[in-house]
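So the sequences go chain by chain: A and B.
In this text, residue positions in the first sequence follow the working numbering: the first is 1, and each later residue adds one.
In this text, residue positions in the second sequence follow the working numbering: the first is 1001, and each later residue adds one.
Glycine residues also receive a C-beta, built at the ideal position from the N, C-alpha and C atoms.
One structure below.
2 protein chains.
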Amino acid sequence: MTKPIQAIATGTRAAILEQAIPLFANIGFAGVSMREIAKAVGITPAALYYHFSDKETLYFEAMRYAYADQAESFKMALQLEVTPRQRLESFVLQLTQYLYDKPDFQRLMQRERLDGDEHRTKLLAEHLFQEQFKAMSELARELAPEFEPHLWAISIAGLVMYHIEAEHLRHHLPGWKQEHDDPRVVADHVLRFILQGVNID
Amino acid sequence: MTKPIQAIATGTRAAILEQAIPLFANIGFAGVSMREIAKAVGITPAALYYHFSDKETLYFEAMRYAYADQAESFKMALQLEVTPRQRLESFVLQLTQYLYDKPDFQRLMQRERLDGDEHRTKLLAEHLFQEQFKAMSELARELAPEFEPHLWAISIAGLVMYHIEAEHLRHHLPGWKQEHDDPRVVADHVLRFILQGVNID
DNA sequence: GTCTATAGCCTGATAGAC
DNA sequence: GTCTATCAGGCTATAGAC
């Protein structure tokens, strides 16, 4: 319905990436054709091949473009000079809010977990998540020393992500309420769920 | 490599479904062609259309077939006449083990969360998960009355599932150890993670 | 039930004009 | 840079023989 001509993008290359991202996120690599992408941008398929050598390269670049601003987003939350508990709280809140605000990014992550090859998965882990994951592991050592930091950090991330990824499914499961789709309610629940198991002074 | 001709299946229809399931699970609906499925079964594409009216119907029936044995699997774990804590323990253990043992099922679930339409998602929720989800919600009331049962049950399921779904990604994140791929280690961690936050007598 | 053959369309990708 | 035109091949699905 909405046809938001790119306001941010300058240049055709950026416009292509910005139109391709939601298509790949919502339909997947195999489900989207170069013709569809071209149509969304308002050019012919042939023009796509001037900017990207093939479909896979376009997909790869679309991912990199979608990730571009992400790496910066969480750094601050974890590096603040505050108590460990406050760092955990701001991390959970920020992650929840981010995933709600950027559904394309969230769905691209989800698809990579299913279809990402070794190369892309490694890139994802090392260039996007590693720094935050390290900070989370450090937090684990401070807040929950009785756990493996790696497993603990995955648990935190998984808790947040699953609530969001299962949103449609949850709507048909007993006890669902409208408010459960509110990121603040999810973040609040997840935080309480974690903190009850953590040795807070 | 391995070409395990169907040993369980009796009849072509079952053979088709059994060959289609891993293909859909690993590559996805849009990524798999009727030709590929036919080739895996050892028949021609035309023969598929004798058994299933079109590709979508085949996919739908393949899902139903993959789910068929699942509904029974978890019932006992939750209906045992044991303490709530023991029911939680056997649920987490059984879910973890099941997802590791049936990667096709696990991946089909993951794909449904991404691409499932309203109809399939509802079917999934109501015919497969509802009963176990209710039992989990009941468990929540007994073990963690300070939480919303719905959100608590989702958290438990999400904890287990995310560890498994993120397996490839985890391999490239700091602190990963080989043993973290062992379902018993994951189940043990998840259980401890949950139980520390639960009021056990 | 399964086959051969094929219709009709869509796909990724390229050549060459502008 | 973007176009028109097009190729070669893959796709779902069907018709009709056996």
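Check, Outcome
"Three-pair Cβ contact test at 8 Å for the segment 153 to 160 of chain A versus the segment 182 to 195 of chain A", "yes"
"Of the residues Ile1027/B, Gln1019/B, Thr1057/B and Lys1122/B, the one placed nearest isoleucine 1043/B, counting alpha carbons only", "Gln1019/B"
"Nearest-angstrom Cα separation, counted from leucine 123/A out to alanine 1144/B", "39 Å"
"Under 8 Å from the C-beta of histidine 150/A: neighbouring residues of chain B", "Arg1170, Leu1173, Pro1174, Gly1175, Trp1176, Lys1177 and His1180"
"Three-state secondary structure (DSSP) of leucine 1195/B", "helix"
"Proline 174/A to aspartate 188/A span [Cα, whole Å]", "20 Å"
"Beta carbon proximity, alanine 1125/B to chain A, threshold 8 Å", "yes"
"Partners in chain A for glutamine 1130/B, counting only beta-carbon separations shorter than 9 Å", "His172, Leu173 and Pro174"
"Minimum length 3: unbroken beta strand (DSSP E) runs contained in the segment 100 to 161 of chain A", "none"
"Distance between beta carbons of alanine 1066/B and leucine 1093/B, contact taken as under 8 Å", "Incorrect: roughly 22 Å between the Cβ atoms, too far for contact."
"Cβ-Cβ distance between valine 160/A and valine 190/A below 8 Å", "yes"
"Start and end residues, alpha helix (DSSP H) containing histidine 1168/B", "1167 to 1170"
"Residue from Gln1106/B, His1171/B and Leu1017/B with nearest C-alpha to glutamate 118/A", "His1171/B"
"CA-to-CA distance, phenylalanine 1060/B to arginine 1120/B, given in whole angstroms", "8 Å"
"Distance between beta carbons of valine 41/A and isoleucine 16/A, contact taken as under 8 Å", "5 Å"
"Alanine 47/A versus His168/A, Glu131/A and Arg13/A, residue with shortest Cα-Cα distance", "Arg13/A"
"Given 8 Å, three or more beta-carbon pairs between the segment 1023 to 1039 of chain B and the segment 1079 to 1088 of chain B", "no"
"Integer-rounded CB distance, given that glutamate 1148/B should sit under 8 Å from proline 1084/B", "Not confirmed; about 17 Å, so no contact."
"C-alpha distance - glutamate 146/A paired with aspartate 1104/B, whole-angstrom precision", "34 Å"
"Chain A contacts from the segment 1133 to 1146 of chain B (Cβ-Cβ distance under 7 Å)", "Phe1133, Lys1134 and Ser1137"
"Element boundaries [alpha helix (DSSP H), containing threonine 57/A]", "55 to 67"
"Alanine 1068/B beta carbon less than 8 Å from that of isoleucine 1021/B", "no"
"For glutamate 1165/B, the nearest candidate out of Glu112/A, Thr57/A, His51/A and Thr96/A (CA to CA)", "Glu112/A"
"Assigned secondary structure, alanine 1020/B (DSSP; H/G/I helix, E/B strand, else coil)", "helix"
"Cβ-based contacts, 7 Å cut-off: residues of the segment 1007 to 1032 of chain B near chain A", "Gly1028, Ala1030 and Gly1031"
"Neighbour list for glutamate 165/A in chain B, Cβ cutoff strictly below 7 Å", "Arg1113"
"Secondary structure of serine 90/A, DSSP reduced to three states", "helix"
"Range of the contiguous alpha helix (DSSP H) that encloses lysine 1177/B", "Note, lysine 1177/B: premise wrong, no alpha helix (DSSP H); not H, not E."
"Whole-angstrom distance between histidine 163/A and leucine 95/A, CA atom to CA atom", "12 Å"
"Cβ of histidine 1119/B within 8 Å of any chain A Cβ", "no"
"Where methionine 1161/B meets chain A, residues with beta-carbon distance less than 8 Å", "Gly158 and Tyr162"
"Neighbour-count burial assignment, lysine 3/A, 16 or more Cβ in a 10 Å radius", "Low local confidence applies: a pLDDT of 40 at lysine 3/A is under 50, so the model's placement there is unreliable, with the coordinate-based value given in what follows. So lysine 3/A ends up on the exposed side."
"Which of helix, strand or coil DSSP assigns to threonine 1010/B", "coil"
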